[in-house]
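Protein chains: 4
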Amino acid sequence: MGNTFGHLFRITTFGESHGGGVGVVIDGCPPLLEISEAEIQVELDRRRPGQSKITTPRQETDTCEIISGVFEGKTTGTPLAILVRNKDARSQDYDEMSVKYRPSHADATYDAKYGIRNWKGGGRSSARETIGRVAAGAIAKKILQQAAGVEIIGYVKRIKDLEGIVDPDTVTLEQVESNIVRCPDQEAAQKMIDLIDQIRREKDSLGGVVECVARYVPKGLGEPVFDKLEADLAKAVMSLPASKGFEIGSGFAGTVLTGSEHNDEFYTDEAGNIRTVTNRSGGIQGGISNGENIIIRVAFKPTATIGKEQQTVTNSGEETTLAAKGRHDPCVLPRAVPMVEAMVALVICDHLLRHQGQCGGLQQADKFKS
Amino acid sequence: MGNTFGHLFRITTFGESHGGGVGVVIDGCPPLLEISEAEIQVELDRRRPGQSKITTPRQETDTCEIISGVFEGKTTGTPLAILVRNKDARSQDYDEMSVKYRPSHADATYDAKYGIRNWKGGGRSSARETIGRVAAGAIAKKILQQAAGVEIIGYVKRIKDLEGIVDPDTVTLEQVESNIVRCPDQEAAQKMIDLIDQIRREKDSLGGVVECVARYVPKGLGEPVFDKLEADLAKAVMSLPASKGFEIGSGFAGTVLTGSEHNDEFYTDEAGNIRTVTNRSGGIQGGISNGENIIIRVAFKPTATIGKEQQTVTNSGEETTLAAKGRHDPCVLPRAVPMVEAMVALVICDHLLRHQGQCGGLQQADKFKS
Amino acid sequence: MGNTFGHLFRITTFGESHGGGVGVVIDGCPPLLEISEAEIQVELDRRRPGQSKITTPRQETDTCEIISGVFEGKTTGTPLAILVRNKDARSQDYDEMSVKYRPSHADATYDAKYGIRNWKGGGRSSARETIGRVAAGAIAKKILQQAAGVEIIGYVKRIKDLEGIVDPDTVTLEQVESNIVRCPDQEAAQKMIDLIDQIRREKDSLGGVVECVARYVPKGLGEPVFDKLEADLAKAVMSLPASKGFEIGSGFAGTVLTGSEHNDEFYTDEAGNIRTVTNRSGGIQGGISNGENIIIRVAFKPTATIGKEQQTVTNSGEETTLAAKGRHDPCVLPRAVPMVEAMVALVICDHLLRHQGQCGGLQQADKFKS
Amino acid sequence: MGNTFGHLFRITTFGESHGGGVGVVIDGCPPLLEISEAEIQVELDRRRPGQSKITTPRQETDTCEIISGVFEGKTTGTPLAILVRNKDARSQDYDEMSVKYRPSHADATYDAKYGIRNWKGGGRSSARETIGRVAAGAIAKKILQQAAGVEIIGYVKRIKDLEGIVDPDTVTLEQVESNIVRCPDQEAAQKMIDLIDQIRREKDSLGGVVECVARYVPKGLGEPVFDKLEADLAKAVMSLPASKGFEIGSGFAGTVLTGSEHNDEFYTDEAGNIRTVTNRSGGIQGGISNGENIIIRVAFKPTATIGKEQQTVTNSGEETTLAAKGRHDPCVLPRAVPMVEAMVALVICDHLLRHQGQCGGLQQADKFKS
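Protein chains in written order, with this note's numbering: chain A, 1 to 370; chain B, 1 to 370; chain C, 1 to 370; chain D, 1 to 370.
What follows is the structure, encoded as structure tokens:
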């Protein structure tokens, strides 16, 4: 009962790792947007398994079908349903996990909550669920790009303690996609790739930090006091599998500064726009976008499912050990990049429509009268 | 249009710093709960200004009135409205801010969004808005305590780079309340108090980290995939004024561990309960509570409003300087503790009811039949 | 947990008949709307008891206070809280009803649901709750009037079997307010007044039908498939106390026509607008407004609380009789007129903002870009 | 942006008449419910076209596939997605309607709202959309039956002015299904069938009234003040295509009675339950179920799409005539019966879970503690 996200641009995802498929219904998409399966597929391909040697070797094409909501290449204002069929899977890899709980995975809590669990491939708790999010995010990105020229770019900022040097104000998608770990700092990227490759051979796993920037976001988006833009961004990315922390702007590091060191002083640029000299606020003040770049970071823990043997229990409480079979990501970060971007796009797109709904109100009088 | 929080236990706050008052409407409170204004006042007193030398010297009693929803000392299942009147305020302190934007405050973005702003005392963006949250949190806490013995305890973990040593599994409310900075590590607390006192005299401000633990939370709370318990907790605290970051369990620090170092191995305790040896998950796995202590941390930036002179602009874009008048907190952390506790309580209470709604379903057949 | 109505223009009401007061929080009101307590009071005065000899003789002024959300006479985009204090009431009239259930009233079901009930004056189930709706409706009306020139006019169409002849296309507020029963057909109105006066003396009560028209509603409002405009209108008015039925356009009478008799044929008017020759659709087709007048009717049952003796039971199940004391309306219809108007205004206003949010989307690109 | 219905048992439908398919996502279904495609198909077969000589002769099997949310025959608490593929359709029948607006249909308003419309087969405004509702309703019915023994039975009460005599307290599904018009009064049913058959040959259409009873509904369901049970029922059925009116209990007819004639007096039955002698309230008082049978009626207008020639305009405003091609229902009533039942089931099921969520609260303390 928590599978819907957003208010005006509202998505509902469905599906388990094994079974009929996964997908999303998007309600509230503005009409007359040109959209194709091919455009969505581009984002799904950035998310799919088997894309490189440092992701899971599972090969899934994740081909999407738009079931509804598009007519002659354009959205109609009615719900878009997008479906990705599951392929025949090696569910025998999961036989052992049908009774043994993976440490730090969702197996035990799903059983505790629902009294039943689709244990094949992780079922609903599989990262495969994010296919629906990424598909919807592709559409949100396009709306934002067309409506306001918004650019949303995520990248791997850190793997374990290997941190890349990246300028969020200038980084490009091409730089991000130029290597398989999606860190635009090429030197750091190579070290990250080597480290992931090594940990994979050790049947262990790694975590890290994804950073994401949204540029050219209009001023005025965000709905205080609960639906502040950073609050919705935090919820969005903290709902991704394996996320453990969220920061905006200066984040935790900003807490060691004094107010006079931390505050972003104002100035007026040549075009007459009110701007800030620095951007420790991360593009949001008082819950509302201020026109500067929105910059967030998300902490992802090391993948829970590992080949190393660990202490655990069965679903009846017997103590045992588990060395997980199956083909798991040694590090989710490279594939998490398009997921974070998608969630950021969904939040900003929803807030664009919400802001337009409330605050576009009386100004539109003429339109309604004519 | 973002002033409501929660699904079944749902609060709506209203009110500005200056004006008629602030308050909250709580919809969905279970009936037959004994509650009094005095109980709510206890929490409001922990939040109110003027409570110590390291908070703002503004003296406000913040006396609450329950307008509706309680009959003969018990909740009736109908909405509780709670109102706290504003007192006559020194709004002349804000005259300058009616035209000059405070750096890193919400002044400029409210103007950009709405085209109008109640500039007296910060209006809606004032931390005074959190009175409604804290009042509602007092009720959520009581429900949780009565329904499941849940304990929610927040405290100051760090001020600037002064960090306290606190054991979340054993810390008590008494320890937290034993000093004015609300850090249960007495030695660290004294240093924090001294530092805040010093920065106050320098007309500057400080930030830090609040940690909060929820103990005895039942297993099974949280609604994947979007309304995961940690996602709703993140949104809840990131909607508080001045928050810049959120962590659950191992948080950002957990990202430098490998999976085998980070995973919480399972065991079965004497009572036959499935438990985890460690708690890097912070009490939540796969978005659902696992019965271990829920532990979160929230980063609060240094207070934006400071007496030191800063560069800024007026609402018409003219560059100027501002040295804020008025009586502002040199550090919001001590007063943020009850706010964080309240938000945590609201989230868990809402999820308790939601879980009961969906998953209590068929099991309650007998009750409905009889 | 059902005290909030609307999506973007969203109201939450609170309060019981006896106790601290009743009121409403309005979230999502567009900013910069000029609004005063006096304007709201006009609508409250149409709703208040004691306004004429055919309503309850209880004298309540129902004076409203705007607690928040308005600054220097204009809305700020933040929540408006509006409070009406209860006056000292003759709650002793209700002593008997604390144990005896009024037939066809909410007494018994509130006890069954919540296990507790504020029995003074009907508590939450009192029509006094509608004060918050009428106050919010006054604001919705003003938004609609300013944004699109919308006029919303309700009137008593029928009392028992006395039916007025009214043309919804031309009826004016002045005609409605020209008599105390609010039926613009003066001849029928007098008969209605006489009948109500007579039934009052018999300690009995009457029902009837309120009709309401909304003129100049823009085309395009309504959100298929569930939030069709007529569906939300139906919910809105069926949530009013004592309502038992809803019709739009031809309603139940339309079911005896054939399709060729019932369909509204299209034509193009001189201004080039697509119009319908007839309006059996009642201004809505496929859930979306078509620019014709929206016309609905609401059935109100005779007031449940009557002075005549009736068979009933106590809350412990003992059979007894009750002849209700207190000062009750012999017929709710005259006071229901502003309630119906308010609900219609709230629905249309919410849908205006929702439509603007989704379908104003890409078209506003220029605004966001500049 | 109005394609989701319900709070805890929440459905989202998608799909157009022509295109990839139609379906529904159900979020919040309690876990461990045994459910199969075959059970859902039973209800879909009652709704499908081509089932008899008085419905459209279009032959569609409407075979459903459960994509997700069921594991080894039981629900898992995760979203159920149910898909029905569209078959190749005679979309050439609609070529003319791509430019000519059908009178009293949604063609013109969809164009006005969205600026685009999938005109094949009516697109989203086609009654084919209700497949998702009926599928979800099948599950809601089963939950209600298992949780509380609830029975929901709809039937045709009237076609044009031919009214059947039916006792809602005793009518059975078998009686309803014993003839193709779904009126349990066999004599009236034959007349209705003959009349529909005749009007079909005249290329015209008929309307009428569906009545629906819900028996054994537990006391206490419904959430005043806006989500009263009758208000949600009204919205639910008024969102069905072609509905023009709603009544509960005595409905419009009740408005000609006096209070003393209309009120349902209380008594205590042998089992000690508080009951009402009559049931003019229709099973709901004050918005909350009282344990008596819930009885509603829905007015359906005559089908808008008819073969008779009518005046209309094109989408560019030119006046023209239209005699609709295609295979349309001469009367929607027989197929509307399962739709009404589905909507009633969805509302009651959602309210069962909501009531359990809020009011099951503190009572469940023991469960959570242990």
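Where is the CB? At the ideal position from N, CA and C, for every residue including glycine.
Discussion item. I'd like to know if R10 of chain C contacts chain B, where contact means its C-beta is closer than 8 Å to some C-beta of that chain.
Written reply: To locate residue 10 of chain C, count along the third sequence from 1; it is residue 10. Contact with chain B is found for R10 of chain C, since one of that chain's Cβ atoms lies less than 8 Å from the residue's Cβ.
Worksheet item: When burial is assigned at 16 or more other CB atoms within 10 Å of the CB, is N263 of chain A buried or exposed?
Response: Counting from 1 along the first sequence, the entry for residue 263 of chain A is found at position 263. With 16 or more other Cβ atoms within 10 Å, it is buried.
Discussion item. I'd like to check one pair, I295 of chain B with G283 of chain B: are the Cβ atoms closer than 8 Å?
Written reply: As a first step, residue 283 of chain B is located in the second sequence; it is residue number 283 there, counting from the start. As a first step, residue 295 of chain B is located in the second sequence; it is residue number 295 there, counting from the start. Yes.
Discussion item. Please identify, using Cβ separations under 9 Å, the residues of the segment 91-124 of chain C that lie next to chain B, in order along the chain.
Written reply: Near chain B, meaning a CB-to-CB distance below 9 Å, the residues of the segment 91-124 of chain C are Y110, K113, Y114, G115, I116, R117, N118, W119, K120, G123 and R124.
Discussion item. Quick check: the Cα distance between K255 of chain A and G287 of chain B, rounded to an integer number of angstroms?
Written reply: Looking up residue 255 of chain A in the first sequence gives position 255. Looking up residue 287 of chain B in the second sequence gives position 287. The residue asked about is misnamed: residue 255 of chain A is Thr in this sequence, not Lys. Going by the C-alpha atoms only, they are around 28 Å apart.
Practice prompt. Would you list, in chain order, the members of the segment 218-236 of chain D that have their beta-carbon closer than 7 Å to a beta-carbon of chain C?
Written response: K219, G220, E223, P224, V225, F226, D227, K228, E230, A231, D232, A234 and K235
Fill in: Separation of A127 of chain C from P241 of chain C, as counted between CA atoms
On the third sequence, position 241 is the one that residue 241 of chain C refers to. On the third sequence, position 127 is the one that residue 127 of chain C refers to. Straight-line Cα distance between these residues: approximately 6 Å.
Worksheet item: Thinking C-beta only, is I159 of chain B closer than 8 Å to C331 of chain B?
Response: Counted from its first residue, the second sequence places residue 331 of chain B at position 331. Counted from its first residue, the second sequence places residue 159 of chain B at position 159. Cβ atoms of C331 of chain B and I159 of chain B: closer than 8 Å.
Worksheet item: Does DSSP put K120 of chain C in a helix, a strand or coil?
Response: Here residue 120 of chain C refers to the residue found at position 120 when the third sequence is read from its first residue. The answer is helix: DSSP assigns K120 of chain C an H, G or I state.
Worksheet entry | Contact with chain D by L362 of chain B, beta-carbon distance below 8 Å | By one-based count along the second sequence, residue 362 of chain B stands at place 362. Low confidence applies to L362 of chain B: its pLDDT is 46, below 50, so where it sits in the model is not reliable enough to give any reading.
Discussion item. For a contact defined as C-beta to C-beta under 7 Å, what are the partners of D27 of chain A on chain D?
Written reply: To locate residue 27 of chain A, count along the first sequence from 1; it is residue 27. Per Cβ cutoff of 7 Å: M1, N3, T4 and T12.
Worksheet item: In this structure, what does DSSP give as the bridge partners for D227 of chain B?
Response: For the purposes of this step, residue 227 of chain B is taken as residue 227 along the second sequence, with counting starting at 1. Looking at the DSSP assignment, D227 of chain B forms a beta bridge with B:E223.
Worksheet entry | Closer than 7 Å: G259 of chain D CB and nearest the ligand SAM heavy atom | Absence of the ligand SAM is noted for the structure shown, with no ligands found whatsoever.
Discussion item. Taking the straight line between their C-alpha atoms, what separation do you get for S370 of chain C and G272 of chain A?
Written reply: Taking the first residue of the third sequence as 1, we reach residue 370 of chain C at position 370. Taking the first residue of the first sequence as 1, we reach residue 272 of chain A at position 272. Reliability fails at S370 of chain C, whose pLDDT of 34 lies under 50, so the model's placement of it is uncertain and no value is given.
Worksheet item: When the cut-off is 8 Å and only beta carbons count, does C359 of chain D lie next to chain B?
Response: Start at 1 with the first residue of the fourth sequence, and residue 359 of chain D comes out as number 359. It does; some Cβ of chain B falls within 8 Å.
Item to complete: Label Q59 of chain B either buried or exposed according to how many other C-beta atoms from any shown protein chain fall within 10 Å of its C-beta, with 16 as the threshold for buried.
Response: As a first step, residue 59 of chain B must be located in the second sequence, where it is residue number 59. With fewer than 16 Cβ atoms within 10 Å of its Cβ, Q59 of chain B is classed as exposed.
Worksheet item: Which chain B residues are close to G77 of chain D, counting only those with a beta carbon under 8 Å from its beta carbon?
Response: Your numbering for residue 77 of chain D matches position 77 in the fourth sequence. Result: Q358 and C359.
Item to complete: State whether the segment 40-47 of chain B contacts the segment 8-28 of chain C, with contact taken as three or more CB pairs (one from each stretch) at a distance under 8 Å.
Response: no
Worksheet item: Is the segment 198-212 of chain A close to the segment 92-103 of chain B, with three or more CB pairs under 8 Å?
Response: no
Item to complete: Using 10 angstroms around the beta-carbon of K87 of chain A, count the other beta-carbons present and answer buried if the total reaches 16, otherwise exposed.
Response: Against the first sequence, residue 87 of chain A aligns to sequence position 87. Flag for K87 of chain A reads exposed.
Item to complete: Give the range of the beta strand (DSSP E) segment to which V298 of chain D is assigned.
Response: The count along the fourth sequence starts at 1 and reaches residue 298 of chain D at position 298. Per DSSP, V298 of chain D belongs to the beta strand (DSSP E) from I294 to F300.
Discussion item. Could you give the first and the last residue of the continuous alpha helix (DSSP H) run that contains R46 of chain B?
Written reply: Here residue 46 of chain B is taken as the residue at index 46 of the second sequence, counted from 1. Element bounds for R46 of chain B: E37 to R47.
Fill in: Best match in C:M343, C:A345, C:H328 and C:V313 for proximity to S98 of chain C [C-alpha to C-alpha]
The residue you call residue 98 of chain C lines up with position 98 of the third sequence. Comparing Cα-Cα distances from S98 of chain C to each of C:M343, C:A345, C:H328 and C:V313, the minimum goes to C:V313.
Fill in: Close-in-space but distant-in-sequence residues of the same chain around P57 of chain C (CB under 7 Å, 5 per side omitted)
Within the third sequence, residue 57 of chain C is the residue found at index 57, counting from 1. G50 and R327.
Worksheet entry | Whole-number beta carbon distance between F226 of chain A and M238 of chain A, since they are thought to touch under 8 Å | On the first sequence, residue 238 of chain A is found 238 positions in, with the first residue counted as 1. On the first sequence, residue 226 of chain A is found 226 positions in, with the first residue counted as 1. Contact between M238 of chain A and F226 of chain A does not hold, since the beta-carbon distance rounds to 15 Å and is not under 8 Å.
Practice prompt. Measuring only between beta-carbons, confirm whether P241 of chain B sits less than 8 Å from chain C.
Written response: Here residue 241 of chain B corresponds to residue number 241 of the second sequence, with the count starting at 1. P241 of chain B does not count as touching chain C.
Worksheet item: Does the distance from the CB of E37 of chain B to the CB of E65 of chain B come in under 8 Å?
Response: Taking the first residue of the second sequence as position 1, residue 37 of chain B is located at position 37. Taking the first residue of the second sequence as position 1, residue 65 of chain B is located at position 65. Yes, the pair counts as a contact, with Cβ atoms nearer than the cut-off.
Worksheet entry | Cβ neighbour criterion (16 or more within 10 Å) applied to K53 of chain C | For the purposes of this step, residue 53 of chain C is taken as the residue at position 53 of the third sequence. When all chains shown are included, K53 of chain C counts as exposed.
Worksheet item: If you compare alpha carbons, which of B:M339, B:N315, B:P338 and B:A336 is closest to V119 of chain B?
Response: Taking the first residue of the second sequence as 1, we reach residue 119 of chain B at position 119. Sequence check: residue 119 of chain B is Trp here, not Val. For the residues B:M339, B:N315, B:P338 and B:A336, the minimum Cα distance to W119 of chain B belongs to B:N315.
Practice prompt. Could you spell out the range, first to last residue, of the alpha helix (DSSP H) harbouring Q92 of chain C?
Written response: Here residue 92 of chain C is taken as the residue at index 92 of the third sequence, counted from 1. Careful: Q92 of chain C lies outside any alpha helix (DSSP H) and carries neither H nor E.
Fill in: T321 of chain A burial status per 10 Å Cβ neighbour count (16 or more: buried)
Here the question's residue 321 of chain A lines up with position 321 in the first sequence. The C-beta of T321 of chain A has fewer than 16 other C-beta atoms within 10 Å across all chains shown, which makes the residue exposed.
Worksheet item: Can you find a CB in chain C that lies within less than 8 Å of the CB of P30 of chain A?
Response: Working through the first sequence from its first residue, we reach residue 30 of chain A at position 30. It does: the Cβ of P30 of chain A has a partner Cβ on chain C nearer than 8 Å.
Discussion item. Just to confirm my understanding: we take T61 of chain C, look at its own chain, exclude 5 residues before and 5 after, and list those with CB closer than 8 Å. What are they?
Written reply: In the third sequence, counting from the first residue as 1, residue 61 of chain C sits at position 61. Excluding its 5 nearest sequence neighbours in each direction, T61 of chain C has C-beta neighbours in its own chain below 8 Å: R48 and K87, listed in chain order.
Practice prompt. Put Q310 of chain C into one of helix, strand or coil per three-state DSSP.
Written response: For the purposes of this step, residue 310 of chain C is taken as the residue at position 310 of the third sequence. Looking at Q310 of chain C - three-state DSSP - the assignment turns out to be strand.
Worksheet item: When the Cα of A106 of chain B is compared with those of A:E341, A:A138 and A:P224, which residue comes out closest?
Response: Within the second sequence, residue 106 of chain B is the residue found at index 106, counting from 1. For A106 of chain B, the nearest C-alpha among the options comes from A:P224.
Fill in: Cutoff 8 Å: P302 of chain C Cβ touching any chain D Cβ
Your numbering for residue 302 of chain C matches position 302 in the third sequence. P302 of chain C counts as touching chain D.
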